[in-house]
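Asks:
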Amino acid sequence: MSKTAWVFPGQGAQTVGMGKEIYEAYPAARRVLDIADAAVGFPLSQIAFEGPEEKLTMTENAQPALLAVGVACATVLKDHGLEPDMAAGLSLGEYTALVIAGSLKFEDAVVLTRNRGIYMQEACPRGEGAMAAILGLTNEDVEEVCRQAGSPEEVSGANYNCPGQVVISGRKASVETASRLARERGAKVIQLNVSAPFHSPIMRSAAERLRRDLEKVEVRAPAIPVYSNVSGNVLRSASEVVDALVAQVTMPVLWQKDIERMARDGARFFVEIGAGKTLAGFGKRTHPDIPYVRFEAPSDLSGVIAHSKEALLR
283 MSKTAWVFPG QGAQTVGMGK EIYEAYPAAR RVLDIADAAV GFPLSQIAFE
333 GPEEKLTMTE NAQPALLAVG VACATVLKDH GLEPDMAAGL SLGEYTALVI
383 AGSLKFEDAV VLTRNRGIYM QEACPRGEGA MAAILGLTNE DVEEVCRQAG
433 SPEEVSGANY NCPGQVVISG RKASVETASR LARERGAKVI QLNVSAPFHS
483 PIMRSAAERL RRDLEKVEVR APAIPVYSNV SGNVLRSASE VVDALVAQVT
533 MPVLWQKDIE RMARDGARFF VEIGAGKTLA GFGKRTHPDI PYVRFEAPSD
583 LSGVIAHSKE ALLR
């Protein structure tokens, strides 16, 4: 029997208005988003629904807002009888996957992701770090230009999203040098509008602070396979979950590897849950033969249900 994977986006997928339609349509979604507001002590959902954009894109707001919308959407799917066989999330999205898998309590995850955003922002003064997407080179070529541009502390791979797309992160000058070297090899380079160099060794202080927070909350072994960003392996115990969440702050996200491992383990249908449609694009470049559908709004529900039933028959 074919297996279904649920995948959840990371920071950058947020858009003003996200979650509003499901909040208005489904009591289950309202309950989830109201809990998120109570957990942070202010109307986080209103920032997601109405913005302004500059407030939503603040790291400490974007992260818990994306988590809350993702969990709300997944809760609606569960209320309609759908369940994943496995799950994964890109960077921040790993927290959403772990909530759905019963590893983290939702309220704890909301606070953790807000703190994570604060810690990551405070780990590097604004303007000192940078990130860039390198398109059209192999992973090995990107790693080579990073080595030529500086030490791993200065610039390194941050997100291995799909064949031909790697994001690099680090000190601004070194990222600019690596970008120039990549262009000389024929790559297209897109400088990312981010507030800090995520998934780089520069985030070490954020990782240390996050570990202390994780040690204060209850973490359980996931009830379904959740695939780690930093290894591509299934997280099987509470201690593995904590270690993985700490490690992903300073280490690259191996999203392509996650998708390949899930496909190897039987995933033949992916549902991208929450804001955006970036993960479907990555997935189609990694495994063009595996279909994706998305669930963000009530109008998406019938398609998800139909495709899920079809997947069960394969």
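In the numbering used here, the protein residues as written are 283 to 596.
Where a beta carbon is used, it is the ideal one built from N, C-alpha and C, also for glycine.
Output the distance between the C-alpha atoms of residue 541 and residue 312, rounded to the nearest integer angstrom.
Replies: 31 angstroms
Asks: Under the rule that 16 or more other beta-carbon atoms within 10 Å means buried, what is residue 337, buried or exposed?
Replies: exposed
Asks: Give a yes or no on contact between the region 329-345 and the region 353-362, applying the rule of three or more CB pairs nearer than 8 angstroms.
Replies: no
Asks: Confirm the yes/no value for this check: CB of residue 406, any heavy atom of the ligand GDP, distance under 7 angstroms.
Replies: Ligands are entirely absent from the displayed structure, and the ligand GDP is therefore not among its contents.
Asks: Considering only their Cβ atoms, is the gap separating residue 401 from residue 467 smaller than 8 angstroms?
Replies: no
Asks: For the region 566-574 against the region 515-534, are there 3 or more C-beta pairs whose distance is under 8 angstroms?
Replies: no
Asks: Are any of the Cβ atoms in chain D nearer than 8 angstroms to that of residue 381?
Replies: Absent from the structure: chain D. Only one protein chain is present.
Asks: How close, in whole Å, do the beta carbons of residue 291 and residue 349 come, if the pair is a contact with beta carbons under 8 angstroms?
Replies: Not quite, the Cβ-Cβ distance comes to about 10 angstroms (not below 8 angstroms), so this is no contact.
Asks: By how many angstroms is the C-alpha of residue 426 removed from the C-alpha of residue 420?
Replies: 10 angstroms
Asks: Does the Cβ of residue 539 have 16 or more other Cβ atoms within 10 Å, making it buried, or fewer, making it exposed?
Replies: Buried, since its Cβ has 16 or more Cβ neighbours within 10 Å.
Asks: Where does residue 557 land, buried or exposed, given buried means 16+ other C-beta within 10 angstroms?
Replies: buried
Asks: With DSSP as the reference, please indicate the residues paired to residue 480 in a beta bridge.
Replies: Beta-bridge pairing links residue 480 to no other residue.
Asks: How about residue 403 and residue 478: do their beta carbons lie closer than 8 angstroms?
Replies: yes
Asks: Starting from residue 320 and walking both ways along the alpha helix (DSSP H), at which residues does that stretch end?
Replies: 309-322
Asks: Per DSSP, which one or two residues make a beta bridge with residue 413?
Replies: Paired residues: 451.
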